[in-house]
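**Student:** Have a look at this one before I ask anything.
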Amino acid sequence: MINTIMKDTLKLIFEKWVILIKVLFPYMVILMVTDAFMQESTARVILGKTQEGDIYTVAVGVLMSALMSLLIAVKTHRILLLPSFEISALEFLCFGYKEVRFLWISLILSVMTFVIPVMLYFIFKLLGIIPMMGVFVGISVSSFIVARLSMVLPSCAIGQHMSFKDSWHLTQKYKWLSYFIIILYPILISVVLSLVYGFVINFLAALFSLDLAVMMVVLNVCITVLIISAISAMYRYISCSCDEFKYEVVCVDDDKIKE
Numbered sequence: 329m330i331n332t333i334m335k336d337t338l339k340l341i342f343e344k345w346v347i348l349i350k351v352l353f354p355y356m357v358i359l360m361v362t363d364a365f366m367q368e369s370t371a372r373v374i375l376g377k378t379q380e381g382d383i384y385t386v387a388v389g390v391l392m393s394a395l396m397s398l399l400i401a402v403k404t405h406r407i408l409l410l411p412s413f414e415i416s417a418l419e420f421l422c423f424g425y426k427e428v429r430f431l432w433i434s435l436i437l438s439v440m441t442f443v444i445p446v447m448l449y450f451i452f453k454l455l456g457i458i459p460m461m462g463v464f465v466g467i468s469v470s471s472f473i474v475a476r477l478s479m480v481l482p483s484c485a486i487g488q489h490m491s492f493k494d495s496w497h498l499t500q501k502y503k504w505l506s507y508f509i510i511i512l513y514p515i516l517i518s519v520v521l522s523l524v525y526g527f528v529i530n531f532l533a534a535l536f537s538l539d540l541a542v543m544m545v546v547l548n549v550c551i552t553v554l555i556i557s558a559i560s561a562m563y564r565y566i567s568c569s570c571d572e573f574k575y576e577v578v579c580v581d582d583d584k585i586k587e
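Printed below as a string of structure tokens:
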């Protein structure tokens, strides 16, 4: 199953690379401008030499980056999962129902990720057990739960109304596959690409006097697309075995589903 999804991850990107570049390039430019806008203020805040307006600048920059990342995630899911995808100039920065719901679901999953470890930290502390063990157990439990519930995100992006209960039921037979694709794969791909391409980017930046920050934005977007593609491939693989959620998705071959 993992081999099928990994192959499908790359296949989705190769088949849709033209429209991915066309749609995501403007968001990438906005991220570059935002990063350049907040670079000096961020450095002063980190060094404790904050000037007037720095906190506001950093806050606006972080908010803008988060919104662009959310739009990139939604658009990437739609491009990779729907048979056809078109976007007009008006829809480019449109924050509609799908985007709001995607944001809300992301916030719920994020809060869940942090709340469970914090709760277990204090519970373990009250019980006289090493508190950090509670954090470790909490992270393990919350990441497993989030992995099972995350199929709601690609479903939301393509306009399907899947609930957390539906996602839990849908991943019943794919517990560890969900954990690998949603939790472990993003960590692995981020670490590997950051180390390998981070070194390459530093070398190119020094050789050609390129802006390192700008190139890091490109790297981060590429990592995001790879991760979203893997999640989309998994959603396509799992949902194609369930008639209720496959009406709009381009399914993998039936023989692959049965593997």
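So the sequence shown is numbered by our numbering: it starts at 329 and just counts up by one.
All C-beta atoms, glycine included, are put in the ideal place defined by N, C-alpha and C.
(1) If you follow the alpha helix (DSSP H) that His497 is part of, which residue opens it and which one closes it?
(2) Do Met392 and Thr370 have their C-beta atoms within less than 8 Å of each other?
(3) Once DSSP output is grouped into helix, strand and coil, what is the label at Pro459?
(4) So for Asp582, helix, strand or coil by DSSP?
(5) Look at the alpha carbon of Met490 and the alpha carbon of Glu380, and state the distance between them as a whole number of angstroms.
(6) Buried or exposed: Ala475, going by 16 or more other Cβ atoms within 10 Å of its Cβ?
(7) Can you give the Cα-Cα distance for Met544 and Phe430, rounded to whole angstroms?
(8) Where does His405 fall in DSSP's three states?
(9) From the DSSP output, in three-state form, read off Thr385 for me.
(10) Lys339 to Cys568, Cα distance in whole Å?
(11) Would you identify the three-state DSSP class for Phe365, choosing helix, strand or coil?
(12) At what residues does the alpha helix (DSSP H) containing Phe508 begin and finish?
(13) Helix, strand or coil, according to DSSP, for Pro354 in the structure here?
(14) Could you give the residue range of the alpha helix (DSSP H) that holds Met440?
(15) My output table needs one value for Met334: the three-state DSSP class, helix, strand or coil.
(16) Taking Cβ positions, are Ala401 and Thr552 nearer each other than 8 Å?
(17) With three or more beta-carbon pairs closer than 8 Å as the criterion, would you say the region 459 to 476 touches the region 434 to 446?
(18) Do Met329 and Leu477 have their CB atoms nearer than 8 Å?
(19) What first and last residue would you give for the alpha helix (DSSP H) that runs through Leu481?
(20) Pick from Lys493, Glu343 and Pro482: whose alpha carbon is nearest that of Ile473?
(21) Anyone know if the C-beta pair for Ile555 and Pro514 falls short of 8 Å?
(22) Return the CA-CA distance between Asp581 and Ser495, expressed in angstroms with no decimal places.
**Tutor:** Reading it off the structure:
(1) Here residue 497 is taken as the residue at index 169 of the sequence shown, counted from 1. Its alpha helix (DSSP H) spans residues Phe492 to Leu498.
(2) Position 64 of the sequence shown holds residue 392. Position 42 of the sequence shown holds residue 370. Contact: no.
(3) Position 131 of the sequence shown, counted from the start, is the residue given in the question as residue 459. Helix.
(4) Taking the first residue of the sequence shown as 1, we reach residue 582 at position 254. Confidence at Asp582 is low in this model, with a pLDDT of 37, below 50, so the placement of that residue should be treated as unreliable; the coordinate-derived value is given next. Asp582 falls in the helix class under three-state DSSP.
(5) Here the question's residue 490 lines up with position 162 in the sequence shown. Here the question's residue 380 lines up with position 52 in the sequence shown. If you take the alpha carbons of Met490 and Glu380, they lie about 46 Å apart.
(6) The residue given as residue 475 occupies position 147 in the sequence shown. Counting Cβ neighbours within 10 Å, Ala475 comes out buried, since at least 16 surround it.
(7) Mapped onto the sequence shown, residue 544 falls at position 216. Mapped onto the sequence shown, residue 430 falls at position 102. Straight-line Cα distance between these residues: approximately 25 Å.
(8) Taking the sequence shown and counting its residues from 1, one reaches residue 405 at position 77. Reduced to three states, the DSSP call for His405 is helix.
(9) Residue 385 sits at position 57 when you count from the first residue of the sequence shown. Three-state result, Thr385: helix.
(10) Translated into positions along the sequence shown, residue 339 becomes position 11. Translated into positions along the sequence shown, residue 568 becomes position 240. Linking Lys339 to Cys568 through their CA atoms gives a straight-line distance of about 17 Å.
(11) As a first step, residue 365 is located in the sequence shown; it is residue number 37 there, counting from the start. Note: Phe365 maps to helix in three-state DSSP.
(12) Along the sequence shown, read from residue 1 onward, the residue named residue 508 stands at position 180. Annotation for Phe508: no alpha helix (DSSP H) segment contains it, and DSSP assigns it neither H nor E.
(13) Here residue 354 is taken as the residue at index 26 of the sequence shown, counted from 1. Three-state DSSP puts Pro354 in a helix.
(14) Taking the first residue of the sequence shown as 1, we reach residue 440 at position 112. Where Met440 is concerned, the enclosing alpha helix (DSSP H) stretches over Tyr425 to Leu454.
(15) Locating residue 334 in the sequence shown gives position 6, where the first residue counts as 1. DSSP places Met334 in helix when its eight states are reduced to three.
(16) Residue mapping note: residue 401 aligns to position 73 of the sequence shown, counting from 1. Residue mapping note: residue 552 aligns to position 224 of the sequence shown, counting from 1. Result yes, Cβ atoms of Ala401 and Thr552 sit closer than 8 Å.
(17) yes
(18) Taking the first residue of the sequence shown as 1, we reach residue 329 at position 1. Taking the first residue of the sequence shown as 1, we reach residue 477 at position 149. No, Cβ-Cβ distance for Met329 and Leu477 is not below 8 Å.
(19) Position 153 of the sequence shown, counted from the start, is the residue given in the question as residue 481. Residues Val480 to Ala485.
(20) Within the sequence shown, numbered from 1, the residue matching residue 473 stands at position 145. Among Lys493, Glu343 and Pro482, the Cα nearest to that of Ile473 belongs to Lys493.
(21) Locating residue 555 in the sequence shown gives position 227, counting from the first residue. Locating residue 514 in the sequence shown gives position 186, counting from the first residue. Cβ distance < 8 Å, so Ile555 and Pro514 count as in contact.
(22) Mapped onto the sequence shown, residue 581 falls at position 253. Mapped onto the sequence shown, residue 495 falls at position 167. Its pLDDT being 42, under 50, Asp581 is placed unreliably by the model, and the measurement read from it follows with that caveat. Rounded to whole angstroms, Asp581 to Ser495 spans 22 Å at the Cα level.
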